[in-house]
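**Student:** Start counting at 1 in the sequence shown, then tack on 1, and there's your number in the working numbering.
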Amino acid sequence: MPKKDKKEKKNEKRYDHLKKMARITRIMKEMYERGQSKLCDVRNSDIHGRGVYAATDISNETQIIEYIGEYVDKDESEKRAWDQAAVAEKTGDAAVYIFTLDEKWDIDGDVPWNDARLINHSCEPNCEAWIEGDQIFIYSLRDIKEGEELTFDYGFDIECYVDHPCLCGRPSCVGYIVSREQWPELKEKLEAKDGSESALELQE
Ligand SMILES: C[S@@+](CC[C@H](N)C(=O)[O-])C[C@H]1O[C@@H](n2cnc3c(N)ncnc32)[C@H](O)[C@@H]1O
Ligand SMILES: [Zn+2]
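#1: Hey, could you find the ends of the beta strand (DSSP E) R44 is sitting in?
#2: Just to confirm, are D116 and V43 a CB contact at a threshold of 8 Å?
#3: Is L40 closer than 8 Å to A23 when the C-beta atoms are compared?
#4: With a threshold of 7 Å (Cβ to nearest heavy atom), would V88 be considered close to ligand 2?
#5: Going by DSSP, which residues form a beta bridge with L151?
#6: Please go through the same chain and pick out, in chain order, the residues whose beta-carbon is closer than 8 Å to the beta-carbon of E13, but skip the five residues on each side of it.
#7: Please state whether DSSP places T101 in a helix, a strand or coil.
#8: Can you check whether the CB of I65 is closer than 8 Å to the CB of S141?
#9: Using 8 Å as the threshold, is the stretch 103 to 123 in touch with the stretch 69 to 82, meaning 3 or more CB pairs across them?
#10: Is the distance from the Cβ of I48 to the Cβ of E150 below 8 Å?
#11: Note down the Cα distance separating W131 from K91, rounded to an integer number of angstroms.
#12: May I have the straight-line CA-CA distance separating N61 from E34, to the nearest angstrom?
#13: Alpha carbon to alpha carbon, what distance is there between I159 and V73?
#14: For R143, which residues from the same chain have a beta carbon less than 7 Å from its beta carbon, with the 5 sequence-adjacent residues on both sides left out?
#15: Quick one: what's got a C-beta closer than 8 Å to C169's C-beta in the same chain, skipping five residues either side?
Right under this line is the structure:
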């Protein structure tokens with residue numbers, strides 16, 4: 002092969018590589034921008050670790066931020082949930098970032114540019130997650146004042162409620178991160194537990 006052709010080929014390869022890198026960078030920038038919002042920012046939370054706070058007054062039913070992440074099918078999602086449970090068993094704490102999208106797909110929001118992944122749970126949430134097509138958005142459930150922490154109902158199942166104590170500190174806090182629909186069942190369970198504990202104390 003003549004020397005010039007070899008050099009040209011090398012240049013072409015380099016040019017293709019740079020084009021590919023530029024495309025990836027553009028996509029990353031777009032993803033990063035989609036995961037941020039002028040309406041909120043990330044700060045240390047009184048509830049747990051880091052949280053997301055209103056950067057301005059927000060009126061009811063405002064689309065605040067997208068919950069962005071990796072689309073995963075149910076098999077992969079289940080595998081990741083088991084991995085998270087293994088971490089929880091070891092450390093006593095594991096953040097759950099998987100959101101149900103539909104019957105086949107979930108979104109794993111565990112990517113650093115997804116600010117919404119840091120929104121904490123509350124028993125009196127001021128936000129709610131809405132699914133729109135293949136996207137998930139966080140909307141306000143009422144007017145929110147600048148500086149308020151944004152929260153939504155994680156909707157966790159009652160099955161393993163003891164693993165998820167709630168520290169939201171709201172007057173109506175039920176003590177555990179459990180979906181509101183299951184509160185009556187949770188209250189029954191807690192009352193039964195209280196009853197048997199007091200009976201044990203009386204015996205002692
Ligand atoms: C998706 S992360 C939320 C961001 C988290 N604060 C952080 O700094 O990574 C979810 C985890 O935050 C914690 N968390 C969220 N809301 C909570 C609450 N109301 N009470 C106690 N822990 C909470 C739990 O450990 C939960 O698994
Ligand atoms: Zn609570």
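Where is the CB? At the ideal position from N, CA and C, for every residue including glycine.
Computed from a predicted model, the values in this text were never measured in an experiment.
**Tutor:** Let me spell this out:
#1: 41 to 45 is the span of the beta strand (DSSP E), which, as asked, contains R44.
#2: Yes, the Cβ-Cβ distance between D116 and V43 is below 8 Å.
#3: In this structure, L40 does not lie closer than 8 Å to A23 by Cβ.
#4: No.
#5: V53, per the DSSP bridge assignment.
#6: Excluding positions up to five away in sequence, the list is empty.
#7: Under the three-state reduction of DSSP, T101 is assigned to strand.
#8: Cβ atoms of S141 and I65: closer than 8 Å.
#9: Segments in contact, yes.
#10: It is a contact, given that the beta carbons lie within the stated cut-off.
#11: Cα to Cα, the separation comes out at about 33 Å.
#12: Rounded to whole angstroms, N61 to E34 spans 23 Å at the Cα level.
#13: So the alpha carbons of these two residues sit roughly 24 Å apart.
#14: Same-chain partners within the cutoff: N61, N127.
#15: So the list reads I48, N121, H122, S123, C124, E125, T152, once near-sequence residues are dropped.
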